[in-house]
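Number of protein chains: 2
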Amino acid sequence: MQKVQYSKGIAPYIPFFYVIWSDDLLSASEIQVVKKAIKEDDSLSNEERKILANWLDKGNPPKNTEVKKWQQFITQSKAKLVESEIYPLETFSQKVAKGHKIDVTENNQLQYVEKTLGIQPNHYNHLFNVEVDRQIDSLRFEPKFLDEILYGDKLSEVRRFRDFLKHQDFKWTIHPTKEGAREVVLKQLKNLASGGWGAYAYPEEYGGKDNLETYAAIFEHLMFVDGSLAVKFGVQFGLFGGSIQNLGNSVQRDKYLSNTGDTSLLGCFAMTETGHGSNVRGINTTATYLHEERSLVIDTPGKYDNKEYIGNALHSKMATVFAQLIVNGQNEGVHAILVPLRDTKHQVLDGVTIEDNGYKLGLNGVDNGKIWFSQVKVPIENLLDKYGGIDENGNYKSPIKNPNKRFFTMLGTLVGGRICVAKGALAAAKMSLTISVKHGLRRRQFNDSIKIQEDLLIDYPTHQLRLIPKVASCLVYHFALERAMYEYASNKDGDKRRIETQVAGLKSIITWFSSQAVQESREACGGKGYLRENRIADLKNDSDIFTTFEGDNTVLLQLAAKGVLSDFKSEFNSGGFASVLKLLGNQLNDKLTTINPLYVNKVDSEHLYNHKFHLHALDFRLRRLTYTAAMRIRNYIKKGMPSYQAFLKTQTHLLEVGKAYSEVLAIKWYYEKTRSITDDKYRDLFFQIGSLHSLNIIRKDAEWYLEQGYLGSAKSKAIRQRIERLSSELRPHIGSLIDGFGIPEHLLTAPISKDW
Amino acid sequence: MQKVQYSKGIAPYIPFFYVIWSDDLLSASEIQVVKKAIKEDDSLSNEERKILANWLDKGNPPKNTEVKKWQQFITQSKAKLVESEIYPLETFSQKVAKGHKIDVTENNQLQYVEKTLGIQPNHYNHLFNVEVDRQIDSLRFEPKFLDEILYGDKLSEVRRFRDFLKHQDFKWTIHPTKEGAREVVLKQLKNLASGGWGAYAYPEEYGGKDNLETYAAIFEHLMFVDGSLAVKFGVQFGLFGGSIQNLGNSVQRDKYLSNTGDTSLLGCFAMTETGHGSNVRGINTTATYLHEERSLVIDTPGKYDNKEYIGNALHSKMATVFAQLIVNGQNEGVHAILVPLRDTKHQVLDGVTIEDNGYKLGLNGVDNGKIWFSQVKVPIENLLDKYGGIDENGNYKSPIKNPNKRFFTMLGTLVGGRICVAKGALAAAKMSLTISVKHGLRRRQFNDSIKIQEDLLIDYPTHQLRLIPKVASCLVYHFALERAMYEYASNKDGDKRRIETQVAGLKSIITWFSSQAVQESREACGGKGYLRENRIADLKNDSDIFTTFEGDNTVLLQLAAKGVLSDFKSEFNSGGFASVLKLLGNQLNDKLTTINPLYVNKVDSEHLYNHKFHLHALDFRLRRLTYTAAMRIRNYIKKGMPSYQAFLKTQTHLLEVGKAYSEVLAIKWYYEKTRSITDDKYRDLFFQIGSLHSLNIIRKDAEWYLEQGYLGSAKSKAIRQRIERLSSELRPHIGSLIDGFGIPEHLLTAPISKDW
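Chains A and B supply the protein sequences, listed in that same order.
Counting in my numbering, the first sequence runs from 1139 upward without gaps.
Counting in my numbering, the second sequence runs from 1139 upward without gaps.
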């Protein structure tokens, strides 16, 4: 083969040009970066500048024969690529030149190009026929700093909790039978209580720290131990204890809350009925007031009106039972009552029937059961009467006059639980991704026949694309949920309608995302992912139900959509046009923006990576979907259709409104957090992560954006390419990112996540 | 409220017009249908014709006040809608008129409109404020005829097998421990063998019926019993027995095949290694030939070179072991050898080490294990030498000279197993959908406050959209796999490259589809879907691994893509342009078609429901993706990049080629089958099902079609609407369709699939 020669100035540019022209992504602004470098590089003669500039013309790209010569020049140099260098490509370039006996020194301009264009070794380590000294992680980012950013001022308590979980009781093992699993989980629960972790969200006088946000982080971490433990913990301290804390009076709190926090009183939360899964307002259990005895009679009227899937049902002494409260023959709506289930010897009390729900897909360490009540009498003192009670004369009274508002205020106490469920799902995603990414950083597969070592799984583009955007989404959703819990915790007694809408939406999109992330992780680990010892199997089965419980996602998204639409409500009823016209005005503004062909096909990376573009696109979608849904409903109603039917006819549309609302909320909150990061390097990283997530979300609805004319073909394609590119740019940091999730080593027991 | 009046001719048209204008889907061709009816309706005066025609102008639609009047006219009639009428809307129209004391009779023209427009009661039963007599199933199609269409000439044997499964041994129960589950499954396996079902695919002289197609249907039905049983059955009779049948010689068949078929010899199939999951060619186990002893020494060289996930490993006496065959110091590539594992007392033999794989996500009734061999000696007679053996002089000989071709020929025997895996996955989808649809046909939820009965789940548009297109896809994939098995079975000894490519692709898309269908079914059943008693949980966990085993989907799709690209191969090497130009010509033709704005925005239902449009769109995608992938690879290679790296850089693109290829193949084969159905009514039904599936597949890649200019915005939106519409059109038949899957009642044990 003929020996290829280049001049001293040009030689170090050859690897850069080869990389640039092997890539499909060279945008106009990127060409400007290289041009600037060439201009300012003093080591170049004017003649050399001209040659290099010629090779940068996108309209007239270098001939294949030229590009092939570059490749030969690189190969013939016998240079070795060392990925761990600070500027691996620039250092490699020096070596290539030196291999051809051309004496060159460090080139700042090329370093500038390498940094500015975000060229990563894994973009080009396949391209040269040279020896490569691989580096699995760039070590540019420190997991412990990431952990600090993720948990903020909660971190010291979170770390104390992680240490607490080193206790051997929390060591993960397989318990094939539900009886065995339940015994272990009950023991763990009591252990947590004795450490003071269960009462964390309660007021200090009841053994707590009055800190709901750290409580949620504790809940999240329990998913790393065992999904059953997290759920059992949530039922005992969050749902049962929370119902006493939030719906009860001070006498009830004094009597029960400390005992709940230390598990001397085990309780359950009996809301759902077999016949009424998602329709709490339609439950049939009744609590009828008997004035002469000042008592309530709890009763399950029909065969399918029993309480269903009640966690802790087999271990509990008491239940918070939701029932229709009947006073003087009038139904005052759903209220909560404390109903004893068992005596001190754990015998079920008269009139109460409890059945085991049996084996489930997952969470077999949770004792779910069905409960029937047959004319069970409890004193009026057991009515959790903060929002509605019965006075001494036997009359119903409530601080909230509107029954509808009262109902939603009571249910508003469930919002904290919904945030925890989303956090639990996200924890399952984080842990599954941690395991699958660690596996991908160790496992090698196939190879080029000439190479001895097979490639790392994570270095396959398809593998990057299936895992890295999901790691990015975990971080976005993490901050969204942190913010949601902050908003909820700091406004516990105010109007919860807004946060309820927000949480309904976030819970839905995040639990669905997590299901997919866990599934993708399982598949990315192949057969190893199928073995229970590697943990993903249990995370998958345990978190699967999170899309259903504490509110079915489909139902919750409609709730969110109705929240979004509520501004239109008056219009539907009154026929007034003011609010519609106002929105219509905004729509017209969008149209003006999107009709601009420069915007519609703007494909440079500055634009595509700009969070303003992401927020604009997502917000545009939300507003347009909301507007069209409102118009459709309005038109149906104008034609005489009852509003329930009009909503039904737009049901699939409303789900999209709910999703769009939630995605834009998550990203907005994420970027607000990102802007507050003070360290430049880390802030840039989080913006990059935000870009990957946002482009991925936009890409999922690309057909809609194209239909609307908001995206042009070129831009839509560019977004797809940028997702691949960003995934590869984050590849060198992926090990640090997953370690930054902060899952303690002692809980990461999966053998495939270790070196082997 | 004022009483609304219409003339005698117009009155019966009012409900039709109300339905039509409440719907967003009235296309030009549909307006023509109504116009024709009006023209030919003798009961109308010319004046009435004019009024009705006026109401059909899309450019100037009836005012809301008018439409509202129609609604009032309907409500005031106090007519009752009876869905079970042959022409429910036309009959209802008569009643509406009669309610206003207008004397009308049956109207053939309105019947024609109702039929031609495909108006279903569930399109409008919500629209009128009238009493509705619901009908859950239209009973228009008979499940047993559907069953005949699905199983064709195999049906009598399939039915005999279904009856065989009535034996109490096959009754589904929960076995929490793997030991308990394995014991039951082994007993069931022997029971099947004694019924002659295991040997079904073997030649008659070995107790079989030489019928691979029926064998595959048996395998599929075993998924309805238990996933573990299906897999254990596949390992014993398909993989182990199949290796003897297809890779062995007649002496080996005589010695082992009958015993395998009656389970007196239990065997396993030891191919996969821990270190080499998907890369069979890279396995490290060796079989070294010792000429002096005429024996082979089987050896596991390294710690991670053990055989992994080997089904039947704990029950087997013998294994078909894949190893690198070393003859005279030369590696002749991967070959299969029969290696005894245990003695008659079930003691593991010297040099063999077997470990239980432990608990898995699912399939815990299958005894998967790891196997190590330490210098285990077997006679040369144990080499399955159909495609490569060692002669008396100790020299390697093979009827296939090219080692590459030899390797793929041996692996070609796995194709049958891959079809079975896809069939097993699809069976899990069918059963899950059967359960979730039956649940949706029984379970009621929420309601309009004025109605007493809550709506059936299946009557929610979101519920229809999540389940009905998946039922349609099950039918499409069913026929695709029937055809694949036919092609494979009828060409067992010929060139298998084509069918291998086809099956690699179909296995991937169908197992992924099934995972989603099972997941959707679980969620559609809410908490009930999470209980193991309702079966979906086990179907989910058991079939989850089907995306990985018998070839990881990501790897298989690349295999399929490379098959598709093979026409280009010579071009890559030689630089000749002929084949590229040929394809380029086709591309240009596509461009001419797609540039036609009439085609790009053709939204009438005739066009969108036409299978020619579906096939054209899917084929267009395949060809364009193939062409662009080929061009990208070619360009990389021209720039000097090694071909392995060029493929790697286009990896995500190639996955899309593989998927596109498989989808178009499935639909093509489906429509070929559909055209052969002789009964008009059923053929129409299957075309309708094909439309729903095809539009759904096209819709999933809508952003790509829009980017390419193949679809215009209006058409893309229309496709989305048609998917919803077709789902609702199939809604009245969904009960018949799932019953048509033929899952026997005695295996459908889920309590939620029964009346409750």
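Just so you know, even glycine gets a beta-carbon here, dropped at the ideal spot from N, CA and C.
Quantities reported herein were computed from a predicted structural model and do not represent experimental measurements.
Cutoff 8 angstroms: residue i Cβ touching any chain A Cβ
i, result
"SER1652 (chain B)", "no"
"GLY1290 (chain B)", "no"
"PRO1314 (chain B)", "yes"
"LEU1722 (chain B)", "Here the model assigns LEU1722 (chain B) a pLDDT of 46, short of 50, so the residue's position is not dependable, and the following value carries that caveat. Judged by the 8 angstroms Cβ criterion, LEU1722 (chain B) is not in contact with chain A."
"GLN1783 (chain B)", "yes"
"HIS1616 (chain B)", "no"
"GLU1342 (chain B)", "no"
Below-8 angstroms beta-carbon distance, residue i vs any chain B residue
i, result
"GLU1794 (chain A)", "no"
"LEU1324 (chain A)", "no"
"MET1779 (chain A)", "yes"
"ALA1840 (chain A)", "yes"
"ARG1670 (chain A)", "yes"
"TYR1497 (chain A)", "yes"
"ASN1540 (chain A)", "no"
"GLU1801 (chain A)", "no"
"GLY1664 (chain A)", "yes"
"ILE1683 (chain A)", "yes"
Rounded Cβ spacing between residue i and residue j (contact assumed at less than 8 angstroms)
i, j, result
"ILE1637 (chain A)", "LEU1619 (chain A)", "So it is not a contact: roughly 12 angstroms between Cβ atoms."
"ALA1461 (chain B)", "THR1412 (chain B)", "The pair is not a contact, with the Cβ atoms about 15 angstroms apart (cut-off 8 angstroms)."
"TYR1808 (chain A)", "GLY1778 (chain A)", "Going by Cβ atoms, the distance from TYR1808 (chain A) to GLY1778 (chain A) rounds to 44 angstroms, so no, they are not a contact pair."
"ILE1890 (chain A)", "ASN1672 (chain A)", "5 angstroms"
"VAL1220 (chain A)", "PRO1226 (chain A)", "6 angstroms"
"LEU1564 (chain A)", "ALA1642 (chain A)", "About 16 angstroms separates the two Cβ atoms, so there is no contact after all."
Exposure label - residue i; buried when at least 16 CB within 10 Å
i, result
"GLU1178 (chain B)", "exposed"
"SER1743 (chain B)", "buried"
"TYR1289 (chain B)", "buried"
"SER1704 (chain A)", "exposed"
"THR1229 (chain A)", "buried"
"PRO1259 (chain B)", "buried"
"GLY1550 (chain B)", "buried"
"HIS1305 (chain A)", "exposed"
Nearest to residue i (by Cα), restricted to the options the options
i, options, result
"LEU1736 (chain B)", "B:LYS1853, B:TYR1799, B:THR1229", "B:LYS1853"
"GLY1873 (chain B)", "B:ARG1858, B:LYS1892, B:GLN1859, B:ARG1863", "B:LYS1892"
"VAL1769 (chain A)", "A:THR1788, A:ASP1757, A:PHE1758, A:GLN1783", "Rather than Val, the amino acid found at residue 1769 (chain A) in this sequence is Met. If we check each option's Cα against that of MET1769 (chain A), A:THR1788 comes out closest."
"ILE1224 (chain B)", "B:GLU1204, B:THR1203, B:THR1243, B:LYS1253", "B:LYS1253"
"HIS1414 (chain A)", "A:LEU1385, A:HIS1577, A:GLU1446, A:GLU1431", "A:GLU1446"
"ARG1480 (chain B)", "B:VAL1268, B:GLY1471, B:LYS1524, B:THR1491", "B:THR1491"
"ASN1834 (chain B)", "B:LEU1864, B:THR1812, B:THR1816, B:LYS1819", "B:LEU1864"
Contact between the segment 1874-1893 of chain B and the segment 1265-1284 of chain B is defined here as three or more beta-carbon pairs at a separation below 8 angstroms; is this criterion met? Note that the segment 1874-1893 of chain B touches the segment 1265-1284 of chain B; at least 3 beta-carbon pairs, one per stretch, sit closer than 8 angstroms.
Is there contact here, the segment 1316-1335 of chain A with the segment 1499-1510 of chain A, by at least three beta-carbon pairs under 8 angstroms? Because the criterion of three Cβ pairs below 8 angstroms is met, the segment 1316-1335 of chain A and the segment 1499-1510 of chain A touch.
Assess contact between the segment 1353-1363 of chain B and the segment 1423-1438 of chain B, defined as three or more Cβ pairs (one per stretch) separated by less than 8 angstroms. Is contact present? Taking 8 angstroms as the limit for Cβ pairs, the verdict is that the segment 1423-1438 of chain B does not touch the segment 1353-1363 of chain B.
Does the segment 1562-1578 of chain A come close enough to the segment 1653-1669 of chain A that 3 or more CB-CB pairs lie under 8 angstroms? A contact exists between the segment 1653-1669 of chain A and the segment 1562-1578 of chain A.
Three or more C-beta pairs closer than 8 angstroms, one from the segment 1593-1609 of chain B and one from the segment 1863-1871 of chain B: is that the case here? Short answer: they touch.
Pairs of beta-carbons, one from the segment 1801-1820 of chain B and one from the segment 1609-1618 of chain B, closer than 8 angstroms: are there three or more? Verdict: yes, contact present.
Three-pair Cβ contact test at 8 angstroms for the segment 1239-1246 of chain B versus the segment 1191-1199 of chain B: Judged by pairs of C-beta atoms under 8 angstroms, the segment 1239-1246 of chain B does not touch the segment 1191-1199 of chain B, as fewer than three such pairs exist.
So does the segment 1842-1849 of chain A actually touch the segment 1650-1660 of chain A, counting three or more Cβ pairs closer than 8 angstroms? In short, these stretches do not touch, since the Cβ pair count stays below three.
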